[in-house]
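Please read the structure below before turning to the comments.
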Amino acid sequence: MAFEITCSGNITTLSGLKNFDIESILECGQCFRWDKNNENDYTGIVKDKAVRIVQTKDAARFYGCTCSDFKEIWNDYFDMSTDYGAIISTLTTNDDVMKMAAEFAPGIRILRQPLFETLISFIISANNSIPNIRRVIARLSKMYGEKIDTEFGAFYKFPDPGVLGTADVSEIALSKAGFRSKYIKKTAKEFNENPVTTDQLKNLGYTGAKKELMKYPGVGAKVADCTLLFSGAYTNAFPVDVWVKKIMEELYLKKDTPLGAISDYASEKFGELGGYAQQYLFYYARSNT
DNA sequence: CCACAGGACGGCT
DNA sequence: AGCCGTCCTGTG
Numbered sequence: 000m001a002f003e004i005t006c007s008g009n010i011t012t013l014s015g016l017k018n019f020d021i022e023s024i025l026e027c028g029q030c031f032r033w034d035k036n037n038e039n040d041y042t043g044i045v046k047d048k049a050v051r052i053v054q055t056k057d058a059a060r061f062y063g064c065t066c067s068d069f070k071e072i073w074n075d076y077f078d079m080s081t082d083y084g085a086i087i088s089t090l091t092t093n094d095d096v097m098k099m100a101a102e103f104a105p106g107i108r109i110l111r112q113p114l115f116e117t118l119i120s121f122i123i124s125a126n127n128s129i130p131n132i133r134r135v136i137a138r139l140s141k142m143y144g145e146k147i148d149t150e151f152g153a154f155y156k157f158p159d160p161g162v163l164g165t166a167d168v169s170e171i172a173l174s175k176a177g178f179r180s181k182y183i184k185k186t187a188k189e190f191n192e193n194p195v196t197t198d199q200l201k202n203l204g205y206t207g208a209k210k211e212l213m214k215y216p217g218v219g220a221k222v223a224d225c226t227l228l229f230s231g232a233y234t235n236a237f238p239v240d241v242w243v244k245k246i247m248e249e250l251y252l253k254k255d256t257p258l259g260a261i262s263d264y265a266s267e268k269f270g271e272l273g274g275y276a277q278q279y280l281f282y283y284a285r286s287n288t
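Quick note: the first sequence uses numbering that gives the first Met the number 0, first residue 0, plus one each step.
Structure follows, in structure tokens:
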């Protein structure tokens with residue numbers, strides 16, 4: 000690995016980081032459960048592990064994180080084994096648009112998040128705003144997730160499929176998920192009765208995995224692509240939402256290009272790196288338009 | 001009061 | 001197969 004790890008009890012420090020900017024990573028729309036305490040200072044929970052991360056330049060300190068926690072959870076979650084410098088280098092060759100987008104936020108990384116949490120989170124994201132998505136997920140976790148107390152606050156685990164799958168839709172609706180409440184319940188129920196793993200999705204191939212996810216109620220092409228990308232299953236997944244549609248039409252294509260045509264173009268142009276390209280473009284579009 | 005937000009669904013043709 | 005009205009909730 001290119002960076003160095005120093006462990007001291009409950010604190011793990013990374014130094015010599017490249018292409019790692021905690022704000023870009025946590026606020027580029029791929030995750031919804033991190034809270035900003037200060038500049039470059041975030042707390043969050045993944046599975047049953049809560050952590051506080053404070054970054055200064057090319058170093059990041061993880062509080063509430065032992066060396067084995069980092070190796071078991073966070074190293075994979077933050078995709079630390081991937082060389083983002085090489086990805087940017089490939090994407091920006093002969094492509095001034097990608098050059099501009101990647102230079103805007105070279106510290107973005109694609110998180111490898113738990114599959115069920117990612118699936119439900121992006122069902123909630125349909126026709127919804129990020130602040131509202133965050134509130135709904137926080138309420139569901141508090142209602143149905145196990146409480147985890149730490150030195151830097153209380154956290155709630157993301158609910159298990161069995162719990163969400165057996166809850167009443169009217170009760171789930173108290174989270175303000177609206178018309179998505181019935182999708183949350185049904186998808187959780189189906190997932191619990193027939194669990195799917197990231198490895199199983201990888202064995203299906205991208206197209207097969209996407210079709211499999213689209214069997215769940217509330218999951219269309221965009222939600223399926225987000226789930227495949229942000230759970231670490233397929234880096235070629237290229238979610239096309241209104242922002243990506245807009246900037247792809249503006250910078251590469253022309254107005255009123257159908258969603259499917261944008262997907263095809265991205266697949267042809269970016270290939271296996273489509274997901275990374277999507278994040279640079281998305282973050283650039285959201286921040287500059 | 002109305003428009004619209006980081007889509008999916010169902011009922012049309 | 002493609003088009004289009006509708007859908008909870010929060011914000012402007």
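Built from N, CA and C at the ideal position, the CB exists for glycine as well.
Computed from a prediction, not measured in an experiment: that's the story for all the values here.
{"Check": "CA-to-CA distance, V218 to K210, given in whole angstroms", "Outcome": "10 Å"}
{"Check": "T288 vs A232 beta-carbon contact at 8 Å", "Outcome": "no"}
{"Check": "E298 burial status per 10 Å Cβ neighbour count (16 or more: buried)", "Outcome": "Residue 298 falls outside the range modelled here, since the chain spans only 0 to 288, and no answer is possible."}
{"Check": "Cβ pair count under 8 Å reaching 3, the region 71-87 against the region 252-259", "Outcome": "no"}
{"Check": "Extent of the continuous beta strand (DSSP E) to which C6 belongs", "Outcome": "E3 to S7"}
{"Check": "Closest Cα partner of I123 within the set L139, N9 and F2", "Outcome": "L139"}
{"Check": "DSSP-derived helix/strand/coil call for D62", "Outcome": "Per the sequence shown, residue 62 should be read as Tyr rather than Asp. Three-state result, Y62: strand."}
{"Check": "With 16 other Cβ atoms within 10 Å as the buried cut-off, status of G274", "Outcome": "buried"}
{"Check": "Candidates L203, R32, K201 and Y215: closest to N191 by CA position", "Outcome": "Y215"}
{"Check": "Burial state of K17, where buried means 16 or more other Cβ atoms lie within 10 Å", "Outcome": "exposed"}
{"Check": "CB of K244 within 8 Å of CB of L258, strictly", "Outcome": "yes"}
{"Check": "Backbone secondary structure at K35 - three-state DSSP", "Outcome": "strand"}
{"Check": "Anticipated Cβ contact below 8 Å, T117 with T5, distance rounded", "Outcome": "The Cβ separation is near 31 Å, so there is no contact."}
{"Check": "Opposing strand residues paired with T196 [DSSP bridges]", "Outcome": "Per DSSP, none; premise fails for T196."}
{"Check": "F154 burial status per 10 Å Cβ neighbour count (16 or more: buried)", "Outcome": "buried"}
{"Check": "Residue environment, L110, which counts as buried when at least 16 other CB atoms sit within 10 Å", "Outcome": "buried"}
{"Check": "Proximity below 8 Å, CB of Q54 to CB of N74", "Outcome": "no"}
{"Check": "Contact the region 156-173 vs the region 140-148: 3+ CB pairs below 8 Å", "Outcome": "yes"}
{"Check": "Per-residue burial, N135 [other beta carbons within 10 Å of its own, 16 or more giving buried]", "Outcome": "Going by the sequence as given, residue 135 is Val instead of Asn. Its Cβ being crowded by 16 or more others within 10 Å, V135 is buried."}
{"Check": "I183 burial status per 10 Å Cβ neighbour count (16 or more: buried)", "Outcome": "buried"}
{"Check": "Top-ranked residue by Cα proximity to F269, from Y283, M247, S286 and A284", "Outcome": "M247"}
{"Check": "Among F151, Y205 and V222, the one whose alpha carbon lies nearest that of T186", "Outcome": "V222"}
{"Check": "8 Å Cβ cutoff met for T42 and G152", "Outcome": "yes"}
{"Check": "Length-filtered (4 minimum) alpha helix (DSSP H) runs lying within the region 164-229", "Outcome": "168-171, 180-192, 197-212 and 220-229"}
{"Check": "CA-to-CA distance, M97 to E309, given in whole angstroms", "Outcome": "Not covered by the structure: residue 309. The range shown for the chain is 0 to 288."}
{"Check": "Under 8 Å between C-beta atoms of G15 and D57", "Outcome": "yes"}
{"Check": "Neighbourhood of Y133 by C-beta, 6 Å cutoff - its chain only, sequence neighbours within 5 removed", "Outcome": "Inspection of the sequence shows that residue 133 is occupied by Arg rather than by Tyr. Excluding sequence neighbours, R133 sits near F31."}
{"Check": "Range covered by the beta strand (DSSP E) that runs through D40", "Outcome": "D40 to V45"}
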